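A.B. asks: Below are the structure tokens for one structure; questions will follow.
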Amino acid sequence: MTRQHHPNHPPTGILRLVALLLIALVVSGCASTGSNSANDPIEGFNRGVYDFNEGVDTYALEPASEGWTRITSQGVRDSVDNFFTNLEAPGYILNDLLQGKAGDAGRESVRFVVNTTVGLLGLFDPAQAWLGIEGRAEDFGQTLGVWGVDAGPYLVLPLFGPSDTRDVTQYPVAYYTNVITYVTLDTVTFGALTALEIVNTRARMAGAARFRDDAAVDPYVFTRSAYRQYRRSQVVDGDVSLEDDAYSDFFEEMGRLPGE
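Using our numbering, you'd call the opening residue of the sequence shown number 40 and step up by one each time.
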């Protein structure tokens, strides 16, 4: 039976994903007309989007995340993180299989079953606590990297943040492999869960944001370089030495985000 998108899910989500893919194709086409050492041929546009994202963060996400932190414990925030990460597990399994990592796919499948049942829909992580099976996020951008697809020009996406013309493909795949996409939810509940995930994620990345702002003369350049190196490390499963790297502390903070 063919799965159908639930009619209550906001159709703008699909339109946004399509728009991002179209942007990626346009930027790829422009790449041959000019570039620089950072492979950021549309830096002016990217900086404009970066500034927009920073404004949204400063005036909306950061205050909301600070309020969320004040009214919740670390344990609550960890449980929220576990819940949303568990919903993404089918996507991790699919990308493990596409990368030829059958063993990792098997372990992630066990995690998903154990955490969904014993872990109360993923609020807890008994798979790691009891069985020692740690989770590891795998997205379609990483899969393309494993297949040898070049990262392409750097791209800053509205609201989503740093990316490139390869990694932008992860969003539609993640959407269609997320359990929440196929759960019968009304629009209000769907939106509330999405907002909760965003605010909780922002609360968890507060340390990375502070590190960037304190360490960087130009936060845009720092974010671009850190993102590039971090994604290269993910594609090769961390088989890159980060010792004495200027971004190692930033990577450590990013590694604490959901699914990382």
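We put the beta carbon where it would ideally sit given N, CA and C, even for glycine.
Note that this is a predicted model, so its numbers are computed, not measured.
Considering only the alpha carbon of each residue, which of Y215, L183 and F163 lies closest to G174?
C.D. replies: In the sequence shown, the residue the question calls residue 174 occupies position 135. Closest option to G174, Cα to Cα, is F163.
A.B. asks: Using the Cα positions of G114 and V218, report the straight-line distance between them to the nearest angstrom.
C.D. replies: Counted from its first residue, the sequence shown places residue 114 at position 75. Counted from its first residue, the sequence shown places residue 218 at position 179. Straight-line Cα distance between these residues: approximately 23 Å.
A.B. asks: By Cβ distance below 7 Å, which residues in the same chain neighbour T262 in space, the five residues on each side in sequence not counted?
C.D. replies: Taking the first residue of the sequence shown as 1, we reach residue 262 at position 223. Only P201 and R251 meet the Cβ criterion.
A.B. asks: Where are the beta strand (DSSP E) runs, 3 residues long or more, that stay fully inside the segment 114-151, in chain order?
C.D. replies: None, since the segment 114-151 contains no complete beta strand (DSSP E) of that length.
A.B. asks: Going by C-alpha distance, which of V238, N134, S112 and D79 is nearest V212?
C.D. replies: Counted from its first residue, the sequence shown places residue 212 at position 173. The candidate whose alpha carbon is nearest that of V212 is N134.
A.B. asks: Excluding sequence positions up to five away, which residues of its chain have a Cβ less than 6 Å from the Cβ of F122?
C.D. replies: For the purposes of this step, residue 122 is identified with residue 83 of the sequence shown, where counting begins at 1. Contacts found: G161 and L162.
A.B. asks: Is there contact here, the segment 133-153 with the segment 182-197, by at least three beta-carbon pairs under 8 Å?
C.D. replies: Contact between the segment 133-153 and the segment 182-197 is present, because at least three Cβ pairs lie under 8 Å.
A.B. asks: Using 8 Å as the Cβ pair cut-off and three pairs as the minimum, do the segment 228-242 and the segment 97-109 touch?
C.D. replies: They touch, by the three-pair rule.
A.B. asks: Buried or exposed, going by whether 16 or more other CB atoms sit within 10 Å of the CB of R243?
C.D. replies: Here residue 243 refers to the residue found at position 204 when the sequence shown is read from its first residue. Buried, since its Cβ has 16 or more Cβ neighbours within 10 Å.
A.B. asks: Would G130 and T216 be called neighbours here (beta carbons separated by less than 7 Å)?
C.D. replies: To locate residue 130, count along the sequence shown from 1; it is residue 91. To locate residue 216, count along the sequence shown from 1; it is residue 177. Against a cut-off of 7 Å, the Cβ pair of T216 and G130 comes out as a contact.
A.B. asks: Return the Cβ separation of L194 and N85 in integer angstroms, given the expectation that the two are a contact with Cβ distance under 8 Å.
C.D. replies: Taking the sequence shown and counting its residues from 1, the one referred to as residue 194 is at position 155. Taking the sequence shown and counting its residues from 1, the one referred to as residue 85 is at position 46. Yes, L194 and N85 are in contact; Cβ-Cβ is about 7 Å, under 8 Å.
A.B. asks: Quick check: what's the CA-CA separation for F229 versus Y221?
C.D. replies: If you number the sequence shown from 1, residue 229 lands on position 190. If you number the sequence shown from 1, residue 221 lands on position 182. So the alpha carbons of these two residues sit roughly 11 Å apart.
A.B. asks: Going by beta carbon distance, what residues of the same chain come within less than 7 Å of T111, once the five residues before and after it are set aside?
C.D. replies: Within the sequence shown, the letter at position 72 stands for residue 111. Nothing listed; no residue qualifies.
A.B. asks: Using the C-alpha atoms, what's the distance from P80 back to V149?
C.D. replies: Against the sequence shown, residue 149 aligns to sequence position 110. Against the sequence shown, residue 80 aligns to sequence position 41. Spanning the two alpha carbons is a distance of roughly 43 Å.
A.B. asks: Which term fits R249, buried or exposed, when burial requires 16 or more other beta carbons within 10 angstroms of its beta carbon?
C.D. replies: Translated into positions along the sequence shown, residue 249 becomes position 210. Classification for R249: exposed.
A.B. asks: Please work out which residues of its chain come closer than 8 Å, Cβ to Cβ, to R116, disregarding the five sequence neighbours upstream and downstream, and give them in chain order.
C.D. replies: Here residue 116 refers to the residue found at position 77 of the sequence shown. Within the same chain, R116 has close Cβ partners W107, T108, N239, A242 and R243.
A.B. asks: Go through the segment 173-221 residue by residue and report every complete run of the beta strand (DSSP E) that reaches 3 residues or more, in order.
C.D. replies: List check, beta strand (DSSP E) in window: 193-196 and 200-203.
A.B. asks: Excluding sequence positions up to five away, which residues of its chain have a Cβ less than 8 Å from the Cβ of R205?
C.D. replies: Here residue 205 is taken as the residue at index 166 of the sequence shown, counted from 1. If we look at R205 and ignore the five residues flanking it on each side, its Cβ neighbours are G180, L183, G184, V188, D189, A190 and G191.
A.B. asks: Please name the residue in A144, T124 and G142 whose C-alpha comes closest to that of T155.
C.D. replies: Residue numbering aside, residue 155 sits at position 116 when the sequence shown is read from its first letter. Out of A144, T124 and G142, T124 has the C-alpha closest to the C-alpha of T155.
A.B. asks: So, helix, strand or coil for G230, using DSSP?
C.D. replies: As a working note, residue 230 is residue 191 in the sequence shown. If DSSP states are grouped into helix, strand and coil, G230 belongs with the helices.
A.B. asks: Let me know if L170 comes out buried or exposed under the rule of 16 or more other beta-carbons within 10 Å of its beta-carbon.
C.D. replies: Stepping through the sequence shown from its first residue, residue 170 is reached at position 131. L170 is exposed by the Cβ-count criterion.
A.B. asks: Which residues mark the beginning and the end of the alpha helix (DSSP H) in which D253 is found?
C.D. replies: Looking up residue 253 in the sequence shown gives position 214. Start and end: A245 to A254.
A.B. asks: Between which two residues does the alpha helix (DSSP H) harbouring G94 extend?
C.D. replies: One-based indexing of the sequence shown puts residue 94 at position 55. Counting along the chain, the alpha helix (DSSP H) containing G94 begins and ends at E82 to V95.
A.B. asks: How many Å lie between G142 and S272 at the Cα?
C.D. replies: Within the sequence shown, numbered from 1, the residue matching residue 142 stands at position 103. Within the sequence shown, numbered from 1, the residue matching residue 272 stands at position 233. Looking at the two C-alpha atoms, the distance is approximately 20 Å.
A.B. asks: CB-CB under 7 Å to N78, same chain, minus the five flanking residues each way: which ones, in chain order?
C.D. replies: By 1-based counting over the sequence shown, the position of residue 78 is 39. Hits under 7 Å: P192 and Y193.
A.B. asks: Given a threshold of 16 other Cβ atoms within 10 Å of its Cβ, counted over all protein chains shown, does D203 qualify as buried or as exposed?
C.D. replies: Taking the first residue of the sequence shown as position 1, residue 203 is located at position 164. Answer is buried; the Cβ neighbour count reaches 16.
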